[in-house]
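Visitor: The listed protein sequences derive, respectively, from chains Y and G. When we follow UniProt numbering, the leftmost residue of the first sequence carries the number 1, and every step to the right adds one. When we follow UniProt numbering, the leftmost residue of the second sequence carries the number 1, and every step to the right adds one.
Protein chains: 2
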Amino acid sequence: MTKFDEATQAIRVDENTYDVCLDPGYSIGGPLNGGYLMAAVLRAAVDASPFEHPVSTTVQFLRAPVPGPAQVRVEPLKTGKTAAFSRVTLVQDGVAQIEGLITTATLHGAEPIYADKATYEMPPIEQCVKLPDPKPQSGMTLNAQVEVLFDPPTIAWLKGEPTGRPESRAYFRMTEPQDPDPYVLALAVDALPPVVFSAGGRGWAPTVDLTWHLRALPAPGWLTVLGGGRLVADGWFDEEVEVRDSTGRLVAQSRQLARVGRG
Amino acid sequence: MTKFDEATQAIRVDENTYDVCLDPGYSIGGPLNGGYLMAAVLRAAVDASPFEHPVSTTVQFLRAPVPGPAQVRVEPLKTGKTAAFSRVTLVQDGVAQIEGLITTATLHGAEPIYADKATYEMPPIEQCVKLPDPKPQSGMTLNAQVEVLFDPPTIAWLKGEPTGRPESRAYFRMTEPQDPDPYVLALAVDALPPVVFSAGGRGWAPTVDLTWHLRALPAPGWLTVLGGGRLVADGWFDEEVEVRDSTGRLVAQSRQLARVGRG
Chain Y
1 MTKFDEATQA
11 IRVDENTYDV
21 CLDPGYSIGG
31 PLNGGYLMAA
41 VLRAAVDASP
51 FEHPVSTTVQ
61 FLRAPVPGPA
71 QVRVEPLKTG
81 KTAAFSRVTL
91 VQDGVAQIEG
101 LITTATLHGA
111 EPIYADKATY
121 EMPPIEQCVK
131 LPDPKPQSGM
141 TLNAQVEVLF
151 DPPTIAWLKG
161 EPTGRPESRA
171 YFRMTEPQDP
181 DPYVLALAVD
191 ALPPVVFSAG
201 GRGWAPTVDL
211 TWHLRALPAP
221 GWLTVLGGGR
231 LVADGWFDEE
241 VEVRDSTGRL
251 VAQSRQLARV
261 GRG
Chain G
1 MTKFDEATQA
11 IRVDENTYDV
21 CLDPGYSIGG
31 PLNGGYLMAA
41 VLRAAVDASP
51 FEHPVSTTVQ
61 FLRAPVPGPA
71 QVRVEPLKTG
81 KTAAFSRVTL
91 VQDGVAQIEG
101 LITTATLHGA
111 EPIYADKATY
121 EMPPIEQCVK
131 LPDPKPQSGM
141 TLNAQVEVLF
151 DPPTIAWLKG
161 EPTGRPESRA
171 YFRMTEPQDP
181 DPYVLALAVD
191 ALPPVVFSAG
201 GRGWAPTVDL
211 TWHLRALPAP
221 GWLTVLGGGR
231 LVADGWFDEE
241 VEVRDSTGRL
251 VAQSRQLARV
261 GRG
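Listed below in structure tokens is the structure:
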């Protein structure tokens with residue numbers, strides 16, 4: 001069991017309740033990373049399902065839970081022949097923090113009937129770059145758990161040179177050796193800096209809701225995370241992420257709606 | 001009040017319950033159209049919210065409700081300064097049919113900071129074509145409510161000539177004169193034939209879950225509905241729809257996960 005497996009572990013305490021212990025190692029400077037929280041919630045939902053994989057996940061981020069004990073309540077809504085539906089709630093100190101709807105099914109890895117190409121061809125990994133290490137007082141502990149190598153133009157906002165388009169692209173893997181799985185993908189779809197930073201946005205850009213689909217089980221190796229967006233308006237932006245595995249296969253698709261920061 | 005407004009009306013009967021009467025005029029050959037059902041559910045969610053617009057909607061289609069009386073239960077989850085979260089359930093004969101998570105907010109129509117171009121340029125409307133009228137015994141009553149003019153290649157599957165890619169594109173408006181609004185958009189994001197028909201799929205392709213975001217209030221006139229997909233594999237496909245208003249503005253974005261038909 002890796003540190004990430006342990007940090008997202010959900011232990012069943014009764015038919016519909018799981019205990020989790022939210023790990024301070026997944027903080028993004030105060031709040032815990034949304035992808036990490038999804039992974040913990042998904043562990044419970046999959047354990048409670050007769051199927052093996054979380055094919056669709058929607059979460060609303062109602063509040064920002066803190067590191068420490070929390071519970072996941074799983075309410076099965078319907079179990080069919082090929083898929084099961086459930087509602088999940090992450091609760092801390094009796095208060096709902098995250099609300100979700102999850103569809104589980106079992107993927108078999110059959111050859112695709114149709115598969116689109118990646119929307120972008122990444123430069124070779126040797127040409128991609130890390131973000132500077134965060135200052136210890138920033139509380140950005142997530143950075144130590146993941147290795148993220150960026151397509152350079154998409155972090156040029158750091159030097160005050162945003163590309164003018166919402167975008168964020170990187171190679172991604174866990175720092176502790178671990179083959180990617182659906183829980184690592186949950187982390188990956190929400191692990192990059194907000195795409196709006198490349199469009200000139202700044203400051204805390206809270207995710208309001210996020211939906212992602214697991215399309216195939218990822219092969220071992222680096223993931224490629226391609227993030228973009230279509231519209232920044234009225235204080236809102238969309239962030240869309242496509243994750244490819246090391247063989248180029250589409251393994252996850254996500255879209256989130258988030259607020260533009262005021263920082 | 002148009003026929004569509006009436007068919008989606010939700011009348012509050014107590015703090016958290018709304019009565020709706022599901023209209024047989026929105027059938028797609030047996031089941032009711034998913035977009036129509038979303039519109040009815042959204043009426044209740046918006047009425048119960050202090051905000052004006054459904055900016056994010058996720059629904060799971062648990063079962064297929066039939067025309068006639070039903071209830072929408074709205075459970076407010078959190079109301080913040082800029083957005084409110086709620087859970088909604090469409091119930092018929094005491095059984096949950098549709099489960100949803102809805103985020104409401106108020107859009108103000110400010111000039112975008114960034115706006116992407118449409119992913120596809122539609123041919124002029126004069127070059128677009130209607131589907132043949134459905135046979136009365138097909139039960140496809142939805143077709144009478146909407147005017148849909150297709151980009152011809154995307155319905156060539158009708159002649160046994162699918163393009164080989166998941167796609168479905170059309171101009172869209174209500175048959176009864178009505179300016180588009182968020183409820184018409186809920187219908188529009190799920191109104192076209194499944195994109196998988198253009199990739200060679202056939203038969204009933206049930207939507208498992210659908211998420212859509214309202215990005216701006218649409219201007220009067222025709223909507224442009226651009227549908228595509230990235231992967232058809234393992235019995236599943238994604239359908240992504242982008243809706244533009246008559247000024248070219250992005251007004252809605254959706255993604256659904258659906259099963260490939262066996263027909």
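For each residue, glycine too, the CB sits at the ideal point set by N, CA and C. Bear in mind that the values here come from a model prediction, so they are computed numbers and not experimental data.
(1) Buried or exposed, going by whether 16 or more other CB atoms sit within 10 Å of the CB of residue 121 of chain Y?
(2) Quick one: is residue 230 of chain Y near chain G, going by C-beta distance under 8 Å?
(3) Does at least one heavy atom of the ligand GDP sit under 7 Å from the Cβ of residue 231 of chain G?
(4) I'd like the span of the beta strand (DSSP E) that includes residue 10 of chain G, first residue to last.
(5) Shorter than 8 Å from the beta carbon of residue 205 of chain G to some beta carbon of chain Y?
(6) Tell me, please, whether the segment 45–63 of chain Y touches the segment 85–94 of chain Y by the rule of three or more beta-carbon pairs shorter than 8 Å.
(7) Is it buried or exposed, residue 124 of chain G, if we count other Cβ atoms within 10 angstroms and call 16 or more buried?
(8) Tell me the residue span of the beta strand (DSSP E) that contains residue 18 of chain G.
(9) Report yes or no: is there a C-beta of chain Y within less than 8 Å of the C-beta of residue 211 of chain G?
(10) Run the CB neighbour count on residue 74 of chain G, radius 10 Å, all protein chains shown included, and call it buried at 16 or more, exposed below.
(11) In the DSSP assignment, find the beta strand (DSSP E) that holds residue 76 of chain G and state where it starts and stops.
(12) Could you tell me which residues DSSP pairs with residue 86 of chain Y in its beta bridges?
(13) By the criterion of Cβ-Cβ separation under 9 Å, what are the contact partners of residue 110 of chain Y in chain G?
(14) Which term fits residue 214 of chain Y, buried or exposed, when burial requires 16 or more other beta carbons within 10 angstroms of its beta carbon?
(15) Applying the criterion that 16 or more other CB atoms from any shown protein chain within 10 Å of the CB defines a buried residue, is residue 1 of chain G buried or exposed?
(16) Check each candidate in Y:248, Y:195 and Y:244 and name the one with the smallest Cα separation from residue 260 of chain Y.
(17) In whole angstroms, give me the CA-to-CA distance for residue 50 of chain Y and residue 68 of chain Y.
(18) So the alpha helix (DSSP H) residue 264 of chain Y belongs to, where does it begin and stop?
(19) Can you name the residues of chain G whose CB is closer than 7 Å to the CB of residue 87 of chain Y?
(20) Grouping DSSP H, G and I as helix and E and B as strand, with all else coil, what is residue 171 of chain G?
(21) Suppose you measure from the CA of residue 152 of chain G to the CA of residue 166 of chain G; what does that come to, to the nearest Å?
(22) What does residue 163 of chain Y touch in chain G if you count any residue whose Cβ is under 7 Å from its own?
(23) Say whether chain Y places a C-beta atom closer than 8 Å to the C-beta of residue 120 of chain G.
Guide: Taking the definition as stated:
(1) Along the first sequence, one-based indexing puts residue 121 of chain Y at 121. Exposed, because fewer than 16 other Cβ atoms sit within 10 Å of the Cβ of residue 121 of chain Y.
(2) Translated into positions along the first sequence, residue 230 of chain Y becomes position 230. Residue-level contact check: residue 230 of chain Y touches chain G, since one or more beta carbons of chain G fall below 8 Å from its beta carbon.
(3) Looking at this structure, you won't find the ligand GDP or any other ligand, since it has none at all.
(4) Walking along the second sequence from the start, residue 10 of chain G turns up at place 10. Note, residue 10 of chain G: premise wrong, no beta strand (DSSP E); not H, not E.
(5) Translated into the one-based positions of the second sequence, residue 205 of chain G becomes position 205. With its beta carbon at least 8 Å from every one in chain Y, residue 205 of chain G lies outside the interface.
(6) Contact between the segment 45–63 of chain Y and the segment 85–94 of chain Y is present, with at least three C-beta pairs closer than 8 Å.
(7) One-based indexing of the second sequence puts residue 124 of chain G at position 124. By the 10 Å Cβ count, residue 124 of chain G comes out exposed.
(8) Residue mapping note: residue 18 of chain G aligns to position 18 of the second sequence, counting from 1. Residues 17–22.
(9) Taking the second sequence and counting its residues from 1, one reaches residue 211 of chain G at position 211. Yes, contact with chain Y.
(10) For this step, residue 74 of chain G is matched to residue 74 along the second sequence. It counts as buried.
(11) In the second sequence, the residue the question calls residue 76 of chain G occupies position 76. Residues 68–79.
(12) As a first step, residue 86 of chain Y is located in the first sequence; it is residue number 86 there, counting from the start. Residue 86 of chain Y pairs with Y:76 and Y:102.
(13) The residue you call residue 110 of chain Y lines up with position 110 of the first sequence. Result: 233, 234 and 235.
(14) For the purposes of this step, residue 214 of chain Y is taken as the residue at position 214 of the first sequence. So residue 214 of chain Y ends up on the buried side.
(15) Working through the second sequence from its first residue, we reach residue 1 of chain G at position 1. It counts as exposed.
(16) Position 260 of the first sequence, counting from 1, holds the residue named residue 260 of chain Y. Ranked by Cα distance from residue 260 of chain Y, the first of Y:248, Y:195 and Y:244 is Y:195.
(17) Numbered from 1 along the first sequence, position 50 holds the residue referred to as residue 50 of chain Y. Numbered from 1 along the first sequence, position 68 holds the residue referred to as residue 68 of chain Y. Cα to Cα, residue 50 of chain Y sits roughly 29 Å from residue 68 of chain Y.
(18) Residue 264 of chain Y lies beyond the range of chain Y shown here (1 to 263); nothing can be said about it.
(19) By one-based count along the first sequence, residue 87 of chain Y stands at place 87. The contacting residues are 99.
(20) The sequence position of residue 171 of chain G within the second sequence is 171, counting from 1. When DSSP states are grouped into helix, strand and coil, residue 171 of chain G belongs to the strand group.
(21) Looking up residue 152 of chain G in the second sequence gives position 152. Looking up residue 166 of chain G in the second sequence gives position 166. If you take the alpha carbons of residue 152 of chain G and residue 166 of chain G, they lie about 14 Å apart.
(22) As a working mapping, residue 163 of chain Y is identified with position 163 in the first sequence. Residues of chain G with a Cβ closer than 7 Å to the Cβ of residue 163 of chain Y do not exist, since the nearest Cβ in that chain sits about 11 Å away.
(23) Within the second sequence, the letter at position 120 stands for residue 120 of chain G. Chain Y, which has no Cβ nearer than 8 Å to the Cβ of residue 120 of chain G, makes this no.
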